[in-house]
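Participant:
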Amino acid sequence: DAGVIQSPRHEVTEMGQEVTLRCKPISGHNSLFWYRQTMMRGLELLIYFNNNVPIDDSGMPEDRFSAKMPNASFSTLKIQPSEPRDSAVYFCASRHGQSNQPQHFGDGTRLSIL
Amino acid sequence: AQSVAQPEDQVNVAEGNPLTVKCTYSVSGNPYLFWYVQYPNRGLQFLLKYITGDNLVKGSYGFEAEFNKSQTSFHLKKPSALVSDSALYFCAVRAFLDASGGSYIPTFGRGTSLIVHP
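Going line by line, the protein sequences match chains S and B.
So in the working numbering, the last one in the first sequence is 169, and the numbering has no gaps at all.
So in the working numbering, the last one in the second sequence is 158, and the numbering has no gaps at all.
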């Protein structure tokens with residue numbers, strides 16, 4: 056069973072550039088989460104989708120961040136324009152429904168904005 | 041609102057000794073509780089969960105956790121630590137949805153770094 060797949064694993068880009076992070080959840084999972092992890096702030100929830108619909112985006116830092124889930128097998132997190140303070144590890148996680156099941160995390164995208 | 045506290049940023053233990061990583065929570069109603077482990081350059085991996093029933097929950101890699109409702113705690117334990125257990129450990133809580141409502145979104149603690157010395 057393939058786990059949650061994120062790409063790219065690493066991204067280095069210059070300030071002001073557009074960055075797109077991709078996630079393929081586990082087949083059959085209909086809840087999807089995007090998180091950001093930094094040493095200073097720990098693990099922060101950015102946005103939560105259920106059945107491809109954004110349910111809670113209160114963690115999205117500002118309008119530069121946007122996320123989409125066009126179908127059950129794909130989601131993107133976009134930052135435009137990027138800033139050095141966006142440097143972090145971004146994780147995608149999926150879960151089976153809204154049940155008591157655990158989340159399954161991808162191995163993250165390490166983003167460095169120069 | 042729900043919250044999780046992991047009071048120790050770091051726990052040090054000698055290999056072969058028992059280990060405990062502490063977690064306390066606050067939630068309206070009954071909780072769903074989870075422990076995850078994160079190794080370097082990897083995502084969080086599920087270890088174990090408490091939903092209902094027996095207060096002692098057994099999980100992966102020999103870990104177990106004890107749910108204590110009166111103390112609102114869910115401490116992670118292992119009888120004999122291994123160097124390979126060194127990692128970052130996260131506790132998470134989610135309220136069980138009942139008539140009082142609740143959230144489908146779990147709340148994570150800040151994590152505890154476990155260091156097992158040879």
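Quick reminder that beta carbons are idealized off the backbone N, C-alpha and C, glycines included.
Alpha carbon to alpha carbon, what distance is there between S/Gly71 and B/Gly142?
Facilitator: For this step, residue 142 of chain B is matched to residue 102 along the second sequence. For this step, residue 71 of chain S is matched to residue 16 along the first sequence. In this predicted model, B/Gly142 has a pLDDT of only 46, less than 50, meaning its place in the structure is not dependable; the value taken from the coordinates is given anyway. If I take the Cα positions, the gap works out to 39 Å.
Participant: Does the beta carbon of S/Asn155 sit closer than 8 Å to a beta carbon anywhere in chain B?
Facilitator: The sequence position of residue 155 of chain S within the first sequence is 100, counting from 1. Answer yes: the Cβ-Cβ gap between S/Asn155 and chain B drops below 8 Å somewhere.
Participant: Could you tell me the alpha carbon to alpha carbon distance between B/Ala135 and S/Leu132, rounded to whole angstroms?
Facilitator: Indexing the second sequence from 1 puts residue 135 of chain B at position 95. Indexing the first sequence from 1 puts residue 132 of chain S at position 77. About 27 Å.
Participant: So the candidates are B/Val156, B/Leu88 and B/Thr152; which of them puts its Cα closest to the Cα of B/Ala45?
Facilitator: On the second sequence, residue 45 of chain B is found 5 positions in, with the first residue counted as 1. Ranking B/Val156, B/Leu88 and B/Thr152 by Cα distance to B/Ala45 puts B/Thr152 first.
Participant: Answer yes or no: does any C-beta atom of chain B fall closer than 8 Å to that of S/Phe160?
Facilitator: Locating residue 160 of chain S in the first sequence gives position 105, where the first residue counts as 1. Chain B contact via Cβ: present.
Participant: Is it true that the segment 79-92 of chain S meets the segment 145-154 of chain S, where meeting means three or more beta-carbon pairs spaced less than 8 Å apart?
Facilitator: With a cut-off of 8 Å, the segment 145-154 of chain S and the segment 79-92 of chain S count as touching, because enough Cβ pairs lie within range.
Participant: Counting only the same chain and skipping the five closest in sequence on each side, list residues whose C-beta sits under 6 Å from that of S/Ser121.
Facilitator: Numbered from 1 along the first sequence, position 66 holds the residue referred to as residue 121 of chain S. Excluding sequence neighbours, S/Ser121 sits near Lys133.
Participant: Residues of chain B with CB closer than 7 Å to the CB of S/Asp111, please, in chain order.
Facilitator: As a first step, residue 111 of chain S must be located in the first sequence, where it is residue number 56. Ile145, listed in chain order.
Participant: Determine, for B/His155, whether the minimum Cβ-Cβ distance to residues of chain S falls below 8 Å.
Facilitator: For the purposes of this step, residue 155 of chain B is identified with residue 115 of the second sequence, where counting begins at 1. According to the sequence displayed, residue 155 of chain B carries Ile and not His. For B/Ile155, the answer is no, since every Cβ of chain S falls outside 8 Å of its Cβ.
Participant: CA-CA distance, S/Gly161 and B/Leu87?
Facilitator: In the first sequence, the residue the question calls residue 161 of chain S occupies position 106. In the second sequence, the residue the question calls residue 87 of chain B occupies position 47. For S/Gly161 and B/Leu87, the distance between alpha carbons rounds to 15 Å.
Participant: Drop a sphere of 10 angstroms on the beta-carbon of B/Lys98, count the other beta-carbons inside from all chains shown, and report buried for 16 or more, exposed for fewer.
Facilitator: If you number the second sequence from 1, residue 98 of chain B lands on position 58. Result: exposed.
Participant: Return the residues of the segment 64-78 of chain B that lie within a Cβ-Cβ distance of less than 7 Å from chain S, sorted by chain order.
Facilitator: Against chain S - using a Cβ distance shorter than 7 Å - the residues of the segment 64-78 of chain B are Tyr72 and Phe74.
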